[in-house]
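So the structure is just underneath, and the comments pick up after that.
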Amino acid sequence: MTFRARLVGAALAGTLAAGASALAGASAASAQAEPCVQRIAVVNNAAFVMSFSVQASNGLETANTDTYPINQSRTIDLTTTALPVSADVRPVVDAVAGATRTPSSFVSYCENGQTATYSVTGTTYDYSVTLIG
318 MTFRARLVGA ALAGTLAAGA SALAGASAAS AQAEPCVQRI AVVNNAAFVM
368 SFSVQASNGL ETANTDTYPI NQSRTIDLTT TALPVSADVR PVVDAVAGAT
418 RTPSSFVSYC ENGQTATYSV TGTTYDYSVT LIG
């Protein structure tokens, strides 16, 4: 094998390795929940007073917000919590004198200024929490 052939082969191997590394990084990043947000807002469109906390998929959870009635919302800025950046998170909603519910969908925590908004609808024991934006 000539020197030039070895040089081209080495360059090609380096390019392939870099491509594989980038692809592996993209796969790891795509494993995060979407969207990636800094704040979680929950709008109370339900027939009860409620509060919420934010729970990470690893079980860590923030303190609850204060309680608030229908047609109001509260927001938790995740930078003020102990939750780790890139954690998959979702709200845990507590209806006063009612049930506790979590949505099925997670979002990822990124320090980017974006907000995920969830809507709560229903009654104290029969309600849903839905990601709306």
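Using this note's numbering, count along the sequence shown one by one with no gaps and you end on 450.
Every residue, glycine too, gets a C-beta built ideally from N, C-alpha and C.
What you are looking at is a predicted structure, and each value in this text was computed from that prediction instead of being measured.
Nearest neighbour of residue i, chosen from the options [CA to CA]
i, options, result
"GLY376", "VAL406, ARG418, SER421, THR447", "VAL406"
"GLN389", "TYR442, THR447, SER368, PRO408", "SER368"
"ALA414", "ASN381, ALA348, THR441", "THR441"
"SER370", "ARG391, GLN431, SER422, CYS353", "ARG391"
"ASN361", "THR379, ASN429, PRO352, PRO408", "PRO408"
"CYS353", "VAL410, THR417, ALA416, GLU428", "GLU428"
Range of the contiguous beta strand (DSSP E) that encloses residue i
i, result
"GLY439", "432-440"
"TYR426", "424-426"
"THR447", "443-448"
"VAL406", "405-412"
CB-CB length for residue i against residue j, believed under 8 Å
i, j, result
"PHE365", "ALA433", "No, PHE365 and ALA433 are not in contact; Cβ-Cβ is about 22 Å, not under 8 Å."
"ALA358", "SER425", "16 Å between Cβ atoms; not a contact."
"PRO420", "TYR444", "Actually they are not in contact, since the Cβ atoms of PRO420 and TYR444 sit about 11 Å apart, beyond 8 Å."
"ARG356", "LEU395", "7 Å"
"GLY439", "ALA363", "5 Å"
"THR379", "THR398", "5 Å"
Buried versus exposed, by CB contacts within 10 Å (16 or more), residue i
i, result
"PRO386", "exposed"
"ALA348", "exposed"
"THR382", "buried"
"ALA373", "buried"
"VAL402", "exposed"
"ILE449", "exposed"
- prompt: Which residue spans inside the region 349-403 form an unbroken beta strand (DSSP E) run of at least 3?
  reply: 356-361, 367-373, 389-394
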